[in-house]
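J.: One line per chain: the protein sequences are F and G, in this order.
Residues in the first sequence are numbered consecutively from 1, following this note's numbering.
Residues in the second sequence are numbered consecutively from 1, following this note's numbering.
Ideal Cβ positions, reconstructed from N, Cα and C, are used throughout, including at glycine.
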Amino acid sequence: MAATLVTGISGSLARRVADRLVERGDTVVGVDYRPPPAALDKRIRFFQANYNKTRIEDVFRHCTFDRVLHLGRVGNLKESMGKRFDLNVVGSQKILNLCLAGGVKRLVVFSTFHIYGAHPANHIPISEEDPLHAGTDFPQIADAIQLDNMASRWVYQHRGIRTVVLRPTNVIGPAIQNAIANLLRQPRIPHLMGYNPMVQFIHEDDMAAAILAAADGEQVGIFNVAGDGVMPWRTALRLVRASTFPIPAAAVELYLSIFSRFPHYLVNFFRYPCVITDRRFREAFHWAPRIPMEDMLWSTVEEARKRQGFT
Amino acid sequence: MSGGRGLMQWAVDPEVDRAVDAVPNRVNGLGYDPWGFNPQAAKLYFSIARHIYAYFRPEIVGIENLPPGRVLIVPNHSGQLPLDGLVIAVACLLHAQPPRLVRAMAERWFPTLPWVNIAFSRSGVVVGDPINCKNLLEADNAILVFPEGARGCGKTFQHRYQLEEFGRGFMRLALQTGTPIVPVGVVGAEESIISVANLRPLARLVGMPYAPVSPLLPLLGPLAYLPLPTRFHVHFGKPLVFDGPFDDEDTEIDRKVAVVKDAVAGLLRKGRAQRRGWFT
Numbered sequence: 001m002a003a004t005l006v007t008g009i010s011g012s013l014a015r016r017v018a019d020r021l022v023e024r025g026d027t028v029v030g031v032d033y034r035p036p037p038a039a040l041d042k043r044i045r046f047f048q049a050n051y052n053k054t055r056i057e058d059v060f061r062h063c064t065f066d067r068v069l070h071l072g073r074v075g076n077l078k079e080s081m082g083k084r085f086d087l088n089v090v091g092s093q094k095i096l097n098l099c100l101a102g103g104v105k106r107l108v109v110f111s112t113f114h115i116y117g118a119h120p121a122n123h124i125p126i127s128e129e130d131p132l133h134a135g136t137d138f139p140q141i142a143d144a145i146q147l148d149n150m151a152s153r154w155v156y157q158h159r160g161i162r163t164v165v166l167r168p169t170n171v172i173g174p175a176i177q178n179a180i181a182n183l184l185r186q187p188r189i190p191h192l193m194g195y196n197p198m199v200q201f202i203h204e205d206d207m208a209a210a211i212l213a214a215a216d217g218e219q220v221g222i223f224n225v226a227g228d229g230v231m232p233w234r235t236a237l238r239l240v241r242a243s244t245f246p247i248p249a250a251a252v253e254l255y256l257s258i259f260s261r262f263p264h265y266l267v268n269f270f271r272y273p274c275v276i277t278d279r280r281f282r283e284a285f286h287w288a289p290r291i292p293m294e295d296m297l298w299s300t301v302e303e304a305r306k307r308q309g310f311t
Numbered sequence: 001m002s003g004g005r006g007l008m009q010w011a012v013d014p015e016v017d018r019a020v021d022a023v024p025n026r027v028n029g030l031g032y033d034p035w036g037f038n039p040q041a042a043k044l045y046f047s048i049a050r051h052i053y054a055y056f057r058p059e060i061v062g063i064e065n066l067p068p069g070r071v072l073i074v075p076n077h078s079g080q081l082p083l084d085g086l087v088i089a090v091a092c093l094l095h096a097q098p099p100r101l102v103r104a105m106a107e108r109w110f111p112t113l114p115w116v117n118i119a120f121s122r123s124g125v126v127v128g129d130p131i132n133c134k135n136l137l138e139a140d141n142a143i144l145v146f147p148e149g150a151r152g153c154g155k156t157f158q159h160r161y162q163l164e165e166f167g168r169g170f171m172r173l174a175l176q177t178g179t180p181i182v183p184v185g186v187v188g189a190e191e192s193i194i195s196v197a198n199l200r201p202l203a204r205l206v207g208m209p210y211a212p213v214s215p216l217l218p219l220l221g222p223l224a225y226l227p228l229p230t231r232f233h234v235h236f237g238k239p240l241v242f243d244g245p246f247d248d249e250d251t252e253i254d255r256k257v258a259v260v261k262d263a264v265a266g267l268l269r270k271g272r273a274q275r276r277g278w279f280t
């Protein structure tokens, strides 16, 4: 049986997906531009390769894939914009071309809901055909928008590869180390004075199940993935038992540059809502989230709160 | 949290409490709908709104015309602040049988206003967007929409009770979703906050849709913008039901919009004929 390639394997979500595939007997190859994760399952063959360099080509020479789960979008803002562009745009283009040449049958691309942007005029909920507004507010997200556009075009340009583009909301969970999950683990979390927009979350287990459903399914297209969690930001802060304090909107840039590593360009998500609907995904792939909102948030921070001496 | 609950008990009007409980709503396990409506917070905001409502001593006529299920409530818009919307929303909650929680379609800039955006969202106000409107109509809500928009709200005193141009969006949505339209005439809001001029450059500068100038400004300073205790006369008309394709040409839609506009104008004439003065 041909193998499944999982990109971004050093990240916890891709790892979780890969583990589930291996558990059910699939052959899995993992690739990442970062070093391999600790204690990676021995049944997963690992390659370290930048997606935009020739090493990635060699991965496709070593193995034949019938499925590629491209989960390795770099959302990590520690990487410079130039490097993110190389990995996310140039690298994804390369992976797509390798899929085409290698006769891959199924491609799942992990995009993000950030590309819709948090905008005062946003209607609720946002569906897949709504415009990608984010670029007008923060050009730093250009790489994510271009990756999504490229993959979306691929869906219809190359019908032989049955492509699914997923635009998930905030993914959180005990193993997730993205900007939002790390922010929730802080003991004191600021909010924007006078604003309390609706936010959504999806638990890593539900997200992994969604990716597997997309990988196993037949449908092609672009799909939001949201889960059930719609709540105001400060309700989320209460559920993670963080104390919170207001920052005037005018001072937020200053605050972030001094006290926080949280990406500036996501600030609008704490001011305006960006609530998405995943009705189409649920119908197409017979998937539904299982983790209740409260558990989703608490499980993300439980370890951190224990370390912080929170009982 | 217990402090918050104590405040709630103290501040929430028992009638508002009962009315909000009687409204069927679709909120999730945490008590919110996707737009941010929350019945508990709404009770608090509607209790405050009820005091403002009482200040205007509104005379409500014909509210029994509200049909059950989905409905578009289409009034004239006036008075600089959306006090007309507030009065209609409170009337529908407390005086309609059964109580209706209207979802008002607001200016697209309301989410940018600190605190206001929270109070509005929790009380059920949403951004005036066709997709919001369609989703809420399909869930059989009562939608409050001002087709004059800011043009109506910001108009000056010399243009009082002259209806500005109506948009077409509400009619297309009514046709698309098979929604009856209840025209409403609000008399009294025009005289509550009087504006004799609109300072457009100032409005542009601070990002508001208009900047009213009160004639009492030299006398009272900023206090000139406090609403006068005029009496509101709110007349609800009979539901209008329209037929035809929602994607018809603008001229066809305009013909239907004109019917609604005429109905609103008729209700305004009725309301003005009935009142004996601004404050009675």
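Any idea what DSSP makes of Asp-182(G), helix, strand or coil?
T.: Before going on, a small fix: residue 182(G) reads as Val here, not Asp. In the structure shown, Val-182(G) sits in a strand (DSSP, three-state: E or B).
J.: If you follow the beta strand (DSSP E) that His-158(F) is part of, which residue opens it and which one closes it?
T.: Taken as a continuous stretch (DSSP letters only), His-158(F) belongs to no beta strand (DSSP E), as it is neither H nor E.
J.: Answer yes or no: do Arg-103(G) and Ile-60(G) have a C-beta to C-beta separation smaller than 7 Å?
T.: No; because the gap between Cβ atoms is not below 7 Å, this pair is not in contact.
J.: Which residue wins for smallest C-alpha separation from Phe-110(F), given the options Cys-63(F), Phe-201(F), Met-207(F) and Arg-61(F)?
T.: Measuring from the Cα of Phe-110(F), the nearest candidate turns out to be Met-207(F).
J.: With a 10 Å radius around its C-beta and 16 neighbouring C-beta atoms as the bar for buried, classify Leu-93(G) as buried or exposed.
T.: Buried, by the Cβ-count rule.
J.: Residues of the segment 96-124 of chain F in Cβ contact with chain G at a cutoff of 8 Å, in chain order, please.
T.: Listed by position along the chain: Pro-120, Ala-121, Asn-122, His-123 and Ile-124.
J.: Are the beta-carbon atoms belonging to Phe-170(G) and Pro-147(G) less than 7 Å from one another?
T.: In contact: Phe-170(G) and Pro-147(G) (Cβ atoms closer than 7 Å).
J.: Terminal residues of the continuous beta strand (DSSP E) containing Met-231(F)?
T.: First-last of the beta strand (DSSP E) with Met-231(F): 229-232.
J.: Indicate whether the contact test is met: 3 or more Cβ pairs, each with one atom in the segment 207-227 of chain G and one in the segment 186-196 of chain G, closer than 8 Å.
T.: Segments in contact, yes.
J.: Please list the segments of the alpha helix (DSSP H) lying wholly inside the segment 162-214 of chain F, counting only runs of 4 or more residues, in order along the chain.
T.: Entirely contained in the segment 162-214 of chain F, the alpha helix (DSSP H) runs reaching 4 residues are, in chain order, 179-184.
J.: Just to confirm the assignment: which complete beta strand (DSSP E) runs, minimum length 3, are found wholly within the segment 134-172 of chain G?
T.: Counting whole runs of 3 or more residues, the segment 134-172 of chain G contains the beta strand (DSSP E) stretches 142-144.
J.: Roughly how many angstroms lie between the CA atoms of Gly-8(F) and Ala-2(F), to the nearest whole one?
T.: Their Cα atoms are separated by approximately 20 Å.
J.: Can you give me the Cβ contacts of Pro-98(G) inside the same chain, cut-off strictly under 7 Å, excluding the 5 residues immediately before and after it?
T.: Taken in chain order, the residues that qualify are Ala-22.
J.: How far does the beta strand (DSSP E) with Ala-106(G) in it extend, from its first residue to its last?
T.: Taken as a continuous stretch (DSSP letters only), the beta strand (DSSP E) holding Ala-106(G) covers 102-106.
J.: For His-203(F), which option in Gly-102(F), His-133(F), Gln-177(F) and Phe-223(F) has the closest C-alpha, if you only look at C-alpha atoms?
T.: Of the candidates Gly-102(F), His-133(F), Gln-177(F) and Phe-223(F), the one whose C-alpha sits nearest the C-alpha of His-203(F) is Gln-177(F).
J.: Scan the segment 76-96 of chain G for residues whose Cβ lies nearer than 7 Å to a Cβ of chain F and list them as they occur along the chain.
T.: Listed by position, the residues of the segment 76-96 of chain G near chain F (Cβ gap below 7 Å) amount to none.
J.: How would you label His-77(G), buried or exposed, when you count the other beta carbons within 10 angstroms and need 16 or more for buried?
T.: Counting Cβ neighbours within 10 Å, His-77(G) comes out buried, since at least 16 surround it.
J.: Is the beta carbon of Arg-231(G) closer than 7 Å to that of Gly-188(G)?
T.: In contact: Gly-188(G) and Arg-231(G) (Cβ atoms closer than 7 Å).
J.: Report yes or no: is there a C-beta of chain G within less than 7 Å of the C-beta of Val-17(F)?
T.: Closer than 7 Å: no.
J.: If we cut at 7 Å on Cβ distances, does Tyr-255(F) have a partner in chain G?
T.: No, Tyr-255(F) lies away from the interface with chain G (no Cβ there is under 7 Å from its Cβ).
J.: Would you call the segment 127-139 of chain F in contact with the segment 183-193 of chain F, where contact means no fewer than 3 C-beta pairs closer than 8 Å?
T.: Contact between the segment 127-139 of chain F and the segment 183-193 of chain F is absent, because fewer than three Cβ pairs lie under 8 Å.
J.: Apart from the five residues on each side of it in sequence, which residues of its chain come closer than 6 Å, Cβ to Cβ, to Ala-119(G)?
T.: If we look at Ala-119(G) and ignore the five residues flanking it on each side, its Cβ neighbours are Tyr-45.
J.: Taking Val-74(F) as the reference, give the member of Asp-86(F), Phe-65(F) and Asn-268(F) with the closest Cα.
T.: Nearest of Asp-86(F), Phe-65(F) and Asn-268(F) to Val-74(F), Cα basis: Asp-86(F).
J.: Would you mind telling me which residues of chain G sit closer than 9 Å to Pro-232(F), beta carbon to beta carbon, in chain order?
T.: Chain G residues near Pro-232(F): Leu-30, Tyr-32, Gly-36, Asn-38, Ile-118, Ser-121 and Arg-122.
J.: Should Ile-258(F) be labelled buried (16 or more other beta-carbon atoms within 10 Å of its own) or exposed?
T.: It is exposed - the Cβ of Ile-258(F) has fewer than 16 other Cβ atoms within 10 Å.
J.: Taking 7 Å as the CB-CB cut-off, is Thr-251(G) touching chain F?
T.: No, its Cβ sits nowhere closer than 7 Å to a Cβ of chain F.
J.: Apply the 10 Å Cβ neighbour rule to Pro-58(G) and answer buried if 16 or more other Cβ atoms are within range, or exposed otherwise.
T.: Counting Cβ neighbours within 10 Å, Pro-58(G) comes out buried, since at least 16 surround it.
J.: Can you determine whether any heavy atom of the ligand SAM sits closer than 6 Å to the C-beta of Ala-288(F), and answer yes or no?
T.: Because no ligand of any kind appears in the structure shown, any question about the ligand SAM cannot be addressed here.
J.: Closer than 8 Å is the cut-off here; do at least three beta carbon pairs connect the segment 273-286 of chain F with the segment 226-235 of chain F?
T.: Counting Cβ pairs under 8 Å, three or more are found: they touch.
J.: Does Arg-24(F) pass the burial test, meaning 16 or more other C-beta atoms within 10 Å, or should it be called exposed?
T.: Exposed.
J.: With H, G and I counted as helix, E and B as strand and the rest as coil, what does DSSP make of Ser-2(G)?
T.: Because Ser-2(G) carries a pLDDT of 43, less than 50, the predicted location of this residue cannot be relied on, and the following value inherits that uncertainty. In this structure, Ser-2(G) counts as helix in the three-state DSSP scheme.
J.: From the DSSP output, read off the bridge partner residues of Glu-59(G).
T.: His-233(G), per the DSSP bridge assignment.
J.: Name the residues in the segment 178-201 of chain F whose C-beta lies less than 7 Å from a C-beta of chain G; which are they?
T.: Hits within the stretch, in order: Met-193, Gly-194, Tyr-195, Asn-196 and Met-198.
J.: Which residues in the same chain have their Cβ closer than 6 Å to the Cβ of Gly-72(F), if we skip the five residues on either side of it in sequence?
T.: Cβ within range, chain order: Thr-7 and Gly-8.
J.: Specify, as a first and last residue, the run of the beta strand (DSSP E) that Ala-3(F) falls within.
T.: From DSSP, the beta strand (DSSP E) with Ala-3(F) extends over 3-7.
J.: DSSP beta-bridge partners for Thr-244(F)?
T.: According to DSSP, which records beta bridges pairwise, Thr-244(F) is partnered with Ile-189(F).
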